[in-house]
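J.: Submitted below is the structure of interest, expressed as C-alpha cells.
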Amino acid sequence: MIKVENLVKRYGNVTASNHLNCHFKKGKITVILGGSGSGKSTLLRQITGLEKPDSGAVYFEGMDLTSLGKKKLYKLRKKMGMLFQGSALFNYLNIFENIAFPLREHTKIADNIIKTIVTMKLEMVGLRGTEDLMPSQLSGGMMKRVGLARAIVMDPKIIFYDEPTSGLDPISTGVIGKLIKDFNQALNITSVVVSHDIESSFKIADNIIILFYGDIIAEGTVEEIRNSDDLRVKQFINGEPEGPIPFTRTDKNYLDEILFD
Amino acid sequence: MEIAASLGRFTLNRLQILGRSGIFLFTSIFQAFSLPLRIKRLVKEIEFIGSKSFLIVFVTALFTGMVLGIQGYYSLSQFGADAALGIMVSLSIIRELGPVLCALMVTGRAGSAITAEIGIMKITDQFPALEMMAIDPLKYVISPKIFAGILSLPLLTAFFDLVGIAGGYLVGVKLLGVSEGAYLGKMVTAVTFTDIYGGILKSLCFGLLITWISSFMGFTAEPTTEGVSRATTNAVVLTSLSILIVDYILTSLLL
C-alpha cells in the first residue's frame, strides 16, 4: 500500500530520517514504535505528504507522494484518514458538524443522508447522542473517538493514527485499541499507528517498526520483535533505563564538565 | 566584525519574515478566487469583524465627535469663527479620525481575536487536519478573514463618520448654540469628494493591514501557550503602529 524508499530528512544537525526503507502492507496494522525524538512523527508527516523529505520517495498506490502537485495530493488525501494526537477537532463546530465536515466539503450528499452517515459513524465509536455537544464538553478519550469517527467518515483506504493512546486512561486506551482493530478487520482499512505505548501496540499490531534516532533498528511481527536479540530493542520494549540507549544525551565527560569549568 | 555580522543576520531575518508574509498574503488572496468560492465563510467573518464591531465603533465615534465639538468651539470662538465648527468636525473626522480610530478599535477587538484563534488552531493541529481532509487551510481560514477586513472597514468607517458628525452636532448646536444652518450648511460646501474618497481609501488599506498582520502572526506563532500570547500582543502592537505609519504615508500622497 505504502512503500518508503531511501527517505532522508534533516533538521539542522539532527537527522530525523536516515535513509529509511519500509513497507506498509495493505489491510494490515503497522505500528511505528520509538521513543521521543526517534523521528516517528516526522516519518508519519512525510508519508502523509504533510512534510517534504530532503530526498527519497514515498509510494502510495504506485504514485510518488513527494513529487505530486497540490491538486493530485489532495485527491489522494481523500482516500486517507488521520487521527491526530490532540484529536484536532474544530472547536467552533459541534460534534455533528465536525464529523459531517469532510462530507459537506467534498460531496453533494443531501442533509438527511449526511445525518444517517454521521449517526452510523458515531454508533461505531459508541458516542451516539453527543451530536449537539461542543468538543470542549467532551473528555480526551471521547474527543479521540469523535476524531476517529471523522477520520472514517469518507470511507478511507488507509488511516494514520498519531499517538492514539497517549494521555488516555487504561479503559479509553483499550477502547481505542479495539476500535483500530475493528476498523482494520471489519472495514479492511490499512492502518499506520505511531506510538510509544508498547503494551497496546503489541495487542493490535500485525507488523512493528522500531525507530531509534532516525534509523529503523527492527522490523517484523510482534513475535519477531519480542524475540529480537538486538539489545536496543530489548531495552526499549522492556522500558529499562540502563542499556545501549543512553540516559544522557551529551558526549561530554561529566567529571570534566563539573570539575574544570 | 561581530556587530556587522549580527546586524546583517538581523536584517536578513526581518527581510525573510517580510517576504514570507508577502507570499502568505498573495497566496491567500489568489486562493480566494479559486473554486469553490467560500461565500458562507466570508459572511461569517464579516459578521465577526464588521457587525460585531458596530457598538464599539458607535461609542468611539460619538465621543470623538462630541469632544471635537467642545474643543473646536473653544478654539474657533476665540476669533469668532464658531460658525466653521461643522467644517472642522467633519473634515477632521472624514479625513483622519474616522479611518484611523475605527481601524485602531477594530484592531483591539477583532485583530487580537484573529491572532489568538489562528494560533490556537495551530496548537491543536487543526491546520494539518484540514490539509489531511484535502482542504487548503489558507483558502478556508485566512482568505475569508482578509476579504472580510477589506470589506468591513470602509463600511464601519462610513458609520463612524456619520456618528462622529452627529456627536459634534449634539454638542456644538444643541449644547453650545452654534447655528444649525452654519454647522450643516458649511459642511456640505466644504467637504469635497476627494476628502471622502481619501478616507475610504485609507480604511480599505487599514482593513487589509489588520487582517493580514493578525492572521500572519497567528499562523507563524510558536505552537505553545506563550507563543500564542506573544503573537497576540505583537499583532496588536504591530498593527497599530503600521496603521499610524501607513496613515502618514497615505495622507502625504493624497494631499
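Residue numbers (the numbering used here), protein chains in the order written: chain C, 28 to 288; chain B, 22 to 276.
For glycine and all other residues, C-beta sits at the position ideal for the given N, C-alpha and C.
Sorted by chain position, which residues of the same chain lie with C-beta nearer than 8 Å to B:G132's C-beta, five sequence neighbours on each side aside?
T.: I231, T232, I234, S235, A256, V257, T260
J.: Between the segment 139 to 172 of chain B and chain C, which residues of the former have a C-beta closer than 7 Å to a C-beta of the latter?
T.: Hits within the stretch, in order: T145, D146, Q147, P149, A150, E152, M153, M154, A155, I156.
J.: I'd like the list of long-range same chain contacts for B:K207, defined as Cβ closer than 8 Å, with 5 residues on each side in sequence excluded.
T.: Once the five neighbours on either side are set aside, the close Cβ partners of B:K207 are A104, A105, G107, I108.
J.: Tell me, please, which residues DSSP counts as bridged to C:D138.
T.: Looking at the DSSP assignment, C:D138 forms no beta bridge with any residue, so it has no partner.
J.: Under the assumption that C:A115 contacts B:D146 (Cβ atoms under 8 Å), give the Cβ distance between them as a whole number of angstroms.
T.: 4 Å
J.: Can a CB atom of chain B be found closer than 9 Å to the CB of C:P80?
T.: It does not: the Cβ of C:P80 has no partner Cβ on chain B nearer than 9 Å.
J.: Between C:Q112 and chain B, is there a C-beta pair that is closer than 9 Å?
T.: Yes, contact with chain B.
J.: Return helix, strand or coil for C:K36, following the three-state DSSP convention.
T.: strand
J.: How would you list, in chain order, the residues of chain B whose beta-carbon sits under 8 Å from the beta-carbon of C:R314?
T.: Past the edges of chain C, shown from 28 to 288, lies residue 314 of chain C, and the structure says nothing about it.
J.: Looking only at its chain, what residues have a beta carbon closer than 6 Å to the beta carbon of B:L174, apart from the 5 residues adjacent to it on each side?
T.: S224, F227, G228
J.: So C:L77 contacts chain B; which residues on that side make the cut at Cβ distance below 9 Å?
T.: P149, E152, M153
J.: Any heavy atom of the ligand ADP closer than 8 Å to the Cβ of B:L274?
T.: The ligand ADP is not among the ligands present in this structure, which contains no ligands whatsoever.
J.: By DSSP's criteria, C:S222 is part of a beta bridge. Which residues make up the other side?
T.: C:L60
J.: Quickly, what does DSSP pair C:F239 with across the bridge? List them, please.
T.: C:D242
J.: Taking the alpha carbon of C:M109 as the point to measure from, which residue in C:K208, C:P191, C:I285 has its own alpha carbon closest?
T.: C:P191
J.: Cβ atoms of C:T248 and C:F51: under 9 Å apart, would you say?
T.: Not a contact, by the Cβ cut-off of 9 Å.
J.: Anything in chain B within Cβ reach of C:P129, meaning under 9 Å, just list it in chain order.
T.: M154, A155, I156
J.: Please specify which runs of the alpha helix (DSSP H), each continuous and at least 4 residues long, are wholly inside the segment 184 to 263 of chain B, giving them in chain order.
T.: 201 to 211, 214 to 240
J.: Count the CB pairs spanning the segment 162 to 179 of chain C and the segment 187 to 206 of chain C that are closer than 8 Å, and state whether there are at least three.
T.: yes
J.: In whole angstroms, what is the alpha-carbon distance linking C:D189 and B:G239?
T.: 24 Å
J.: Roughly how many angstroms separate the alpha carbons of C:K24 and B:T81, rounded to a whole number?
T.: Because chain C is modelled from 28 through 288, residue 24 of chain C falls outside the range shown and cannot be assessed.
J.: Give me the DSSP bridge partner(s) of C:H50.
T.: C:K30
J.: For B:F47, tell me which candidate among B:E66, B:E23, B:S164 has the shortest Cα-Cα distance.
T.: B:S164
J.: Are the beta-carbon atoms of B:F84 and B:G193 separated by less than 9 Å?
T.: no
J.: List the DSSP bridge partners of C:D91.
T.: C:Y86
J.: Cβ closer than 7 Å: which chain B residues qualify as neighbours of C:Y101?
T.: A155
J.: So, does the CB of C:H223 fall closer than 9 Å to a CB anywhere in chain B?
T.: no
J.: Could you tell me which of B:F214, B:A102, B:I38, B:E138 sits nearest to C:Y119, measuring between CA atoms?
T.: B:E138
J.: Quick one, which of B:L265, B:T136, B:V184 has its alpha-carbon nearest B:V78's?
T.: B:V184
J.: C:S65 and C:F239 look like a contact to me (Cβ under 8 Å); what is the Cβ gap, rounded to whole Å?
T.: 6 Å
J.: According to DSSP, is C:A176 helix, strand or coil?
T.: helix
J.: Considering just the uninterrupted stretch of the alpha helix (DSSP H) at C:Y188, what are its terminal residues?
T.: Element bounds for C:Y188: not the alpha helix (DSSP H) but the beta strand (DSSP E), 185 to 189.
J.: Under 8 Å: do the segment 84 to 97 of chain C and the segment 55 to 63 of chain C share three or more Cβ pairs, one atom per stretch?
T.: Flag = no, the segment 84 to 97 of chain C and the segment 55 to 63 of chain C do not touch.
J.: Please name the residue, chosen from B:V209, B:L276, B:L262, B:S273, that lies closest to B:S111 on a Cα-to-Cα basis.
T.: B:V209
J.: Where B:T14 and C:P271 are concerned, what is the direct C-alpha to C-alpha distance, given to the nearest angstrom?
T.: Since the first residue of chain B shown is 22 and the last is 276, residue 14 of chain B is not available in this structure.
J.: Is C:R253 close to chain B? Criterion is C-beta to C-beta, closer than 9 Å.
T.: Not a single C-beta of chain B is nearer than 9 Å to the C-beta of C:R253.
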